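For the sequence shown, this note's numbering gives the first residue as 19, with consecutive numbering after it.
Just so you know, even glycine gets a beta-carbon here, dropped at the ideal spot from N, CA and C.
The structure presented is a predicted model; accordingly, all values stated were derived computationally and were not measured.
To start, the structure itself, in structure tokens.
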Amino acid sequence: MTSTNRLKTYTALAAAPCAALGGIAAETHAAPGQVPATAQLNNSTFVSVDAFTAADLQFQAFAFYSSASSGSGGLQIYSPDRGKAGDMKFWGVETGSQTISFNATGFDKSNNGFGGWKNAGTQRTSMVGTGPSGSGYLGFAVQNTNTGTYVAGWVNFTYDRSLGNGANGNFFTINSWLFNTGDVTTSITMPGTAASGAVPGVGGLAGLAMGAAGLRRKRQRVA
């Protein structure tokens with residue numbers, strides 16, 4: 019998608035705080051972004067790009083590749099923020115929608131802040147799809163242990179891990195994102211990933227933002 023086709027406006031759905039949840043001020047608004055966050059290798063072995071912040075934690079797209087048997091990519095928490103983040107839980111792509119919450123069952127992985135795909139010797143794992151390239155949704159939940167705020171959200175992504183680490187190499191792109199913040203019960207519904215890789219347009223994402231349960235912060239970034 020060219021920059022001329024990307025959404026250039028910011029629409030505040032609710033600018034003022036609506037209520038307080040567990041001592042945490044809550045507000046509802048959508049924030050369409052102008053460009054996606056793409057981490058792409060270009061004659062390098064590692065790259066990370068800031069995508070968004072939630073609960074004072076910086077989330078990034080990242081890609082790593084040193085050989086066919088050593089590489090990874092996906093969503094991560096900025097390294098200096100991992101000390102204040104508890105274990106991060108991830109939900110991989112599914113054809114059906116999923117409820118994302120820190121206290122929900124069914125998560126696919128829990129670690130100190132990074133999820134996507136990983137090749138390490140003969141061990142290969144992926145929550146973003148089994149093909150060399152694709153797109154879909156990746157869910158996440160984490161707590162800022164300094165403030166007690168929980169985050170439940172998802173990112174819509176596109177990736178290609180077949181390009182190596184030369185010029186225009188492997189990449190992971192965060193196309194859009196949506197999250198809620200609040201207490202441990204905070205949740206959000208992550209859309210299913212269609213077999214074709216189709217994703218909802220801007221109007222559909224805005225509808226999801228308005229329909230998500232509410233006295234919690236909602237933010238959305240759409241390419």
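{"query": "With a 10 Å radius around its C-beta and 16 neighbouring C-beta atoms as the bar for buried, classify P15 as buried or exposed.", "result": "Residue 15 lies beyond the residue range present for the chain, which begins at 19 and ends at 241; the question has no answer from this structure."}
{"query": "Could you tell me if S144 is buried or exposed, where buried requires 16 or more neighbouring beta carbons within 10 angstroms of its beta carbon?", "result": "buried"}
{"query": "Give me the Cα-Cα distance between S180 and G157, rounded to the nearest whole angstrom.", "result": "23 Å"}
{"query": "Less than 6 Å between C-beta atoms, sequence neighbours within five positions excluded: which residues of the same chain meet that for Q94?", "result": "Q78, F80, G131, F132"}
{"query": "Taking all protein chains shown into account, decide if T16 is buried (16 or more other Cβ within 10 angstroms of its Cβ) or exposed.", "result": "No answer is possible for residue 16: it lies beyond the span of the chain, which begins at 19 and ends at 241."}
{"query": "Just the C-alpha distance for A170 and F189, rounded to the nearest angstrom, thanks.", "result": "24 Å"}
{"query": "Let me check understanding here. Comparing Cα to Cα, which of T191, G182, V173, I192 lies closest to F116?", "result": "A small fix is needed here, since residue 116 is Gln in this sequence, not Phe. That would be V173, whose Cα lies nearest to the Cα of Q116."}
{"query": "In terms of DSSP beta bridges, what is S90 paired with?", "result": "F82, K136"}
{"query": "Taking the alpha carbon of Y96 as the reference point, which residue from N162, W109, T199 has its own alpha carbon closest?", "result": "N162"}
{"query": "Quick one: measure Cβ to Cβ for S205 and A122, integer angstroms, because I've assumed they're closer than 8 Å.", "result": "7 Å"}
{"query": "Indicate whether T56 and F82 have their beta-carbon atoms separated by less than 8 Å.", "result": "no"}
{"query": "Express the C-alpha separation of D99 and K136 in angstroms, rounding to a whole number.", "result": "21 Å"}
{"query": "To the nearest angstrom, how far is the alpha carbon of D105 from that of A159?", "result": "9 Å"}
{"query": "Give a yes or no on whether the C-beta atoms belonging to Q58 and N186 are separated by under 8 Å.", "result": "yes"}
{"query": "With C-beta atoms as the reference, is S128 less than 8 Å away from K107?", "result": "yes"}
{"query": "Does the beta-carbon of G114 have 16 or more other beta-carbons within 10 angstroms, so that it is buried, or is it exposed?", "result": "exposed"}
{"query": "Short of 7 Å in beta carbon distance, which residues of its chain neighbour N193, apart from the five on each side in sequence? Order them along the chain.", "result": "P54, N174, F175, T176, A241"}
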